[in-house]
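Protein chains in written order, with our numbering: chain A, 22 to 357; chain B, 110 to 401; chain C, 713 to 946. The structure under discussion appears below in the form of structure tokens.
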Amino acid sequence: MTVVRDRVATRIASPPMHRRLSPLLVVVIGAAIVVALTYTLPPFRTYQLATVGAYLCVTAGLTVLTGLNGQLSLGHGALMATGAYTLALWQNKFNLLAVGIVVAILVTTAVGAVIGLAAARLRGPYLAGLTLAVAVVVPSIASTFDGTFNSDQGLSVILNPPPDTMTVEQWQAWVCWGGALLTVLALALLTRGRFGRDMRAVRDDETAARLAGISIARTQVTAFVVSAACAGLAGALFAVIAQSVSPGAFPLTLSLFLVMAIVIGGLGRLTGALIGALLLVALPAVAHEIGEAAGSQRLEGNLALTFFGVVLVVVMLAAPGGLASLRIPLKKKGQR
Amino acid sequence: MDRFLFLTFDGLSRGAVYAAFALALVLIWRATRIVNFAQGAMAVATAYVAYSVADATGSYWLGFIVALVAGLLLGAGVERVVMRFVDHSSPLNGVVVALGLVLIIQGVLGMIYGNEFRPATAPFSRDAFDIGGVALLSRYDLFVFAAVGAVVVLLTLLFTRTSTGLRMRAAAFAPDVSRLLGVPVGGMLTLGWALAAAVGSLAGMLVLPTELGLHPTAMDIVFISAFTAAVVGGLDSPIGSVLGGLMVGLLLSYISGYLGATVAPMAVLALLVVVLLSRPDGLFARSKARTA
Amino acid sequence: MTALLDVEGLTAGYGAAPVLHEVSLTVQPGQIVAVLGANGAGKSTLLRTLSGLLPAQQGRILFDGKDLSGIKVERMVHHGIAHVPEGRGVVTELTVDENLRLGGLWRKPQPPLEPIYELFPRLAERKSHLGHQLSGGERQMLALGRALVAQPRLLLLDEPSLGLAPKITAHIMALLRDLRDRTGLAVLLVEQNVRSALSIADEGVVLSLGRIVTRHDAATLVDDADLRHAYLGF
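The following block contains the structure:
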């Protein structure tokens, strides 16, 4: 059993070479596929593709945090809001997108570090409760400081038009997937090394990790900060796609959706993060079409909500070991 | 000074509701080591049912009773159908399942009732009457105190004076030993969830008329406040949760009154962070002496 | 004479690998049977399977001629089986009195606690103390007393001497023998403390790696040096 866990735990970090492509190659292939898709898909699908890319940034970061480090955060929706608002404020002042995205990541990283410092001392339901509070409370800040954040209306985001050779949707997809692929590459490299090993050690047995000389707090804070940076990037990209930001775009349910995405995708795997990101775009789209077909506005958003909830509960109950067993893929022969 | 007195009574009234809601969280935590993150959504669901009944029959009190009964049934159902099958190897599992329930309940409520705010009427006037020239308390505040007080007294009697209460405590503290002694532990868990959910429903019925009204997500912020109250009091301590509830209520009232209502949620977050980092077992944690 | 407890070919354990392998034994009414063996021999697993905490993978458990398979743990007391688990199982958050009441709650009307307090005067003195305030010996008395409230016919007792001073162990053993003599209580006693177990047992069963390797009269086990050396190591 331990053997299986260990093998699985090392899937990301040190996979058997014959079974695994190098991350750089995966990213290059991914980029080629995305570029090809942007020239073949109709504009609305390309827009959806861009959204998947933005979601992938945050689900990839979260799956590292929860799957590899064992921390559950319900506050990443709020961190995305931080990134989005930072970008909006920056753009409206300087209109320099590339720098703005970096600034958004940095600011969110700083906020994430504060939460992460607190989170590193908390476990299980306490951590979940604290991050849930962050997710619920942070949107209300927009009302408190309405001079800056313009309350519930939010802010629009000034953006330069895309180059003449591309459509807006193509440009959005390129920007989002550029960010997403860089995130995936960075995370893949990061989790392969010593940091990845430390995180898994902390997740599996804190006492043993401490005895092995690993600093629990530093590892957990680092994991949280890394995932916060990813959320900040995702938030900034969403601000770019929507060309506006408002508290309503980052409700508690967004944070819950993110948890669902990584649970269903399979924790701790970057491919799982991709599956989760796809579901986050596909399921609401399907629900939207069902709602339109039924002619009911009430169905639209709520059907997706219900569906996500049912899937989440069913997956958790059907996987015998709950979250832990979701890390374990089908056994290969020869493993015991 | 008058304003301070008014805010104090207002805070105690709010706090009583948080106390009841935190008490419900603590009941389930003690029995199952699960923080029921779905409790707010469950309470809203029963409140919708209650106001539907009240609208249809014209009787608030019939609706009120329906809310409590619906709470009992919903709590028992959630335990029987879902929570009983949660794997306990990781404490995260219960959290994630409860969050799934939140999505389901909020989605279903939205589909049935829509996502607009609906008014939630109060059974008594919320206008404060004067005591010695100072507006302090409304009839509704008195109703809140009476209802929450009754719940606290009834639960205390149940747990300390009855065989069923003894069984429930034993089942929560030592399930295997209790089964060996003939205690139907599964049944006790179901009963515990049912009672907790009914208390949560009561808290929902009490708080909704004072906040914005009925909405699928109306209890989100109440849940945060009550969770903070439970953490302040110590998740294992029913008495602590009541005290914690009153403290949070007072804090929110003073902050809203003196600094503005929009600052209040941040104050709750700040309190939660401070308590979690300094006294994670709660302010009133005594060494091991846990009492019912 | 039909046996009170008749176990045949019992196989049980945790997960796929069984801990117990085809264990068969009988306990007569009024008999004290000691189950002996090293740490990890499967002694506690045997008791846990008998009381239903662990499902049997194979074999049959007959109690008073009735098949116990498929009966829920919480129903076992109704049949007259009381199991005092290892580590004593006192609910430390409840008072002494509450722990004792718990033992008889399933009975209607509820049995009086006075006989237990007479049996263990020490418990009567500490009636309103919480379980975690008791000493090891007091906890053992409480667990034993709690099992006796329901007036069982078979007592499954797991390592009552664990962590207790020899004097207290001797006291508890004497009390068990006395109870058997007065009430006809049958006891299946799991012990690592071979000497004190055999001092009151009628019969000794030696378990090794989940199998019964020998069973004899207690007197024979004590007297026969070869047997003692071979199976009990003293």
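Cβ atoms here follow ideal geometry from the backbone N, Cα and C, with glycine treated the same way.
Remark: three or more beta-carbon pairs, one from each stretch, lie closer than 8 Å, so the segment 919 to 930 of chain C and the segment 743 to 751 of chain C are flagged as touching. Beta bridge pairing from DSSP links serine 920 of chain C with C/Arg923.
Residues Val739, Val745, Leu868 of the same chain have their beta carbon placed closer than 6 Å to that of leucine 900 of chain C, with the five preceding and five following residues left out of the count.
Counting along the chain, the unbroken beta strand (DSSP E) around arginine 772 of chain C starts and ends at 768 to 775. Interface criterion met: the Cβ of serine 161 of chain A is under 9 Å from a Cβ in chain B.
By the criterion of a C-beta distance shorter than 7 Å, alanine 303 of chain A is surrounded by no residue of its chain, once the five residues flanking it on both sides are discounted. With respect to the 9 Å criterion, threonine 67 of chain A and glutamine 264 of chain A are not classified as neighbours on the basis of their beta carbons. For the C-beta of valine 191 of chain B, the chain A residues within less than 8 Å are, from N- to C-terminus, Val334, Leu338. Residue burial annotation: aspartate 329 of chain B is buried, with at least 16 other C-beta atoms found within 10 angstroms of its C-beta. Neighbours of leucine 381 of chain B across chain A, judged by C-beta separation under 8 Å: Gly150, Leu151, Ala154. Three or more beta-carbon pairs separated by less than 8 Å link the segment 194 to 209 of chain B to the segment 92 to 99 of chain A, which places the two stretches in contact.
Closer than 9 Å to the CB of arginine 276 of chain B there is at least one CB belonging to chain C.
Counting only the Cα atoms, alanine 109 of chain A lies some 25 Å from threonine 186 of chain A.
Glycine 354 of chain B is outside the set of residues whose beta carbon lies under 9 Å from a beta carbon in chain A. In the DSSP assignment, the residues bridged to glycine 725 of chain C are C/Pro730. Three or more beta-carbon pairs separated by less than 8 Å link the segment 123 to 130 of chain A to the segment 243 to 255 of chain A, which places the two stretches in contact. At a cut-off of 9 Å between beta-carbon atoms, leucine 83 of chain A makes no contact with chain B. The continuous stretches of beta strand (DSSP E) do not include glutamate 190 of chain A, which lies in the alpha helix (DSSP H) extending over residues 189 to 213.
An exposed status is given to leucine 210 of chain A, since fewer than 16 other beta-carbon atoms sit within 10 Å of its beta-carbon.
Close to glycine 291 of chain B, with beta-carbon spacing below 8 Å, are these residues of chain C in chain order: Glu786, Arg787, Met788, Val789, His790, Leu817, Trp818, Ala862. Between proline 833 of chain C and chain B, the shortest Cβ-Cβ separation is not below 9 Å.
Residue nearest to alanine 233 of chain A within the set A/Thr243, A/Ala222, A/Val242 is A/Ala222 (criterion: CA-CA distance).
Between the alpha carbons of alanine 327 of chain B and arginine 865 of chain C lies a gap of roughly 57 Å.
Annotation: the segment 237 to 278 of chain B contains the following complete segments of the beta strand (DSSP E) (minimum length 3 residues), in chain order: 237 to 240, 243 to 247. Distance from leucine 891 of chain C to glycine 857 of chain C at the Cβ level is roughly 11 Å; contact not present, criterion being Cβ atoms closer than 8 Å. With its beta carbon at least 9 Å from every one in chain C, serine 350 of chain B lies outside the interface. At least one CB of chain B lies nearer than 9 Å to the CB of histidine 795 of chain C. Interface with chain B (9 Å Cβ-Cβ cutoff): threonine 757 of chain C is excluded. Put simply, the CB of alanine 139 of chain A is near chain B, with a gap under 9 Å to one of its CB atoms. Judged by DSSP in its simplified three-state form, valine 902 of chain C adopts strand. For methionine 151 of chain B, not one C-beta of chain A is nearer than 9 Å to its own C-beta. Separation of tryptophan 170 of chain B and valine 384 of chain B (C-alpha to C-alpha, rounded to the nearest whole angstrom) is 38 Å. Secondary structure note for leucine 361 of chain B: its alpha helix (DSSP H) is the uninterrupted segment 347 to 368.
What proline 389 of chain B touches in chain A, judged by beta-carbon distance under 8 Å, is Arg142, Leu143, Tyr147, going in chain order. In the structure shown, alanine 283 of chain B falls within a coil segment according to DSSP collapsed to helix, strand and coil. Cβ proximity to chain B below 9 Å picks out Ser317, Gln318, Arg319, Leu320, Gly322, Asn323, Leu324, Ala325, Leu326, Thr327, Phe328, Phe329, Gly330, Val331, Val332, Leu333, Val334 from the segment 314 to 334 of chain A.
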